[in-house]
Amino acid sequence: MSQLLSNDTITLRALEPTDLEVLYRWENDTALWTVSDTHAPYSRQALWRYLEEYTGDIYSQRQLRLMITLNESSLPAGTVDFINFDPLNNRAELGLFIAQEMRGKGLGKLALELITAYACEHLGLRQLYVYIALDNTVCLELFKQFGYRKVGILKSWIKRGTRYNDVALLQMIL
Numbered sequence: 046m047s048q049l050l051s052n053d054t055i056t057l058r059a060l061e062p063t064d065l066e067v068l069y070r071w072e073n074d075t076a077l078w079t080v081s082d083t084h085a086p087y088s089r090q091a092l093w094r095y096l097e098e099y100t101g102d103i104y105s106q107r108q109l110r111l112m113i114t115l116n117e118s119s120l121p122a123g124t125v126d127f128i129n130f131d132p133l134n135n136r137a138e139l140g141l142f143i144a145q146e147m148r149g150k151g152l153g154k155l156a157l158e159l160i161t162a163y164a165c166e167h168l169g170l171r172q173l174y175v176y177i178a179l180d181n182t183v184c185l186e187l188f189k190q191f192g193y194r195k196v197g198i199l200k201s202w203i204k205r206g207t208r209y210n211d212v213a214l215l216q217m218i219l
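Per the numbering used here: the sequence shown = residues 46 to 219.
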C-alpha cells in the first residue's frame with residue numbers, strides 16, 4: 046500500500062464489495078442522518094449499485110470516498126470523503142466519519158493527516174472545508190487542532206426533529 050495513504054495504524058483504501066454490510070449499517074444509522082444529509086434508509090441493492098458504479102475518479106464523479114481500515118486487523122473504522130470537488134478552484138469539502146466503537150482512539154487525527162497529505166501532494170488541492178454542528182464540540186476541536194479555522198456560522202442550517210441548529214464552516218488553506 047502506498048505510504049501516502051497509510052501509516053503505522055491505519056490505511057485509507059478504495060471501497061470494496063466486501064464493504065457492503067458495514068456501509069449498510071453506517072448509512073442506515075438514523076443518528077448520523079443529520080450530518081450526512083440522508084433522509085431515508087438505503088437498501089442493500091442501492092448500496093451494491095453504488096459500489097458497482099463507483100469509480101473513485103474524483104475528476105469525473107466530483108467526489109472520492111475512502112474506507113479507513115485498521116492495519117492490524119483490516120477492520121473498517123470509518124470513511125473519509127471529498128465531496129463537492131471543484132478542480133477549477135482546487136478545493137473540496139471534506140467528510141470524516143469514525144465508527145462509534147472506534148472513537149476516542151486518535152483515528153480521526155490519523156485519517157486527517159493522511160487525507161490532507163493526499164489532497165495536497167497528490168491532488169494539488171489548495172483548500173479543504175468542513176461543516177460541523179456547533180454542538181459537536183469533539184469534532185470542532187479535532188479540526189481546530191489540525192489547523193482548520195472557523196470562517197463563519199450558518200444559522201439554523203440543520204434540522205434535528207423540530208429544532209434547527211447552527212453549523213460552523215471551517216476552512217484550511219493548504
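We put the beta carbon where it would ideally sit given N, CA and C, even for glycine.
Treat the numbers as computed from the prediction; the structure is a model and nothing was measured.
Spatial neighbours of residue i within its chain, please: CB distance less than 7 Å, with the 5 preceding and 5 following residues excluded, ordered by chain position.
i, result
"residue 132", "104"
"residue 101", "59, 109"
Starting from the C-beta of residue i, find all residues in its chain whose C-beta is less than 8 Å away, skip the five residues before and the five after it, and write them out in chain order.
i, result
"residue 214", "174, 175, 176, 195, 196, 197, 198, 199"
Taking the Cβ atom as the reference point for each residue, do residue i and residue j lie within a distance shorter than 7 Å?
i, j, result
"residue 212", "residue 178", "yes"
"residue 123", "residue 137", "no"
"residue 183", "residue 121", "no"
"residue 170", "residue 135", "yes"
"residue 111", "residue 57", "yes"
May I have the straight-line CA-CA distance separating residue i from residue j, to the nearest angstrom?
i, j, result
"residue 65", "residue 113", "14 Å"
"residue 83", "residue 154", "25 Å"
"residue 115", "residue 158", "15 Å"
"residue 167", "residue 160", "10 Å"
"residue 127", "residue 92", "18 Å"
"residue 188", "residue 54", "20 Å"
"residue 72", "residue 219", "30 Å"
"residue 97", "residue 75", "24 Å"
"residue 119", "residue 63", "12 Å"
"residue 52", "residue 117", "11 Å"
"residue 210", "residue 181", "11 Å"
Could you check how far apart the C-beta atoms of residue i and residue j are, in whole angstroms? I think they sit under 8 Å.
i, j, result
"residue 99", "residue 49", "So it is not a contact: roughly 20 Å between Cβ atoms."
"residue 130", "residue 107", "5 Å"
"residue 162", "residue 141", "That pair is no contact at about 15 Å."
"residue 94", "residue 69", "Residue 94 to residue 69, Cβ: 13 Å. No contact."
Name the DSSP beta bridge partners of residue i, please?
i, result
"residue 172", "136, 218"
"residue 143", "123"
"residue 212", "178, 199"
"residue 160", "Residue 160 is not bridged to any residue."
Between which residues of its own chain and residue i is the CB-CB distance below 6 Å, once the five residues before and five after are set aside?
i, result
"residue 79", "203, 205"
"residue 217", "173, 192, 193"
"residue 165", "219"
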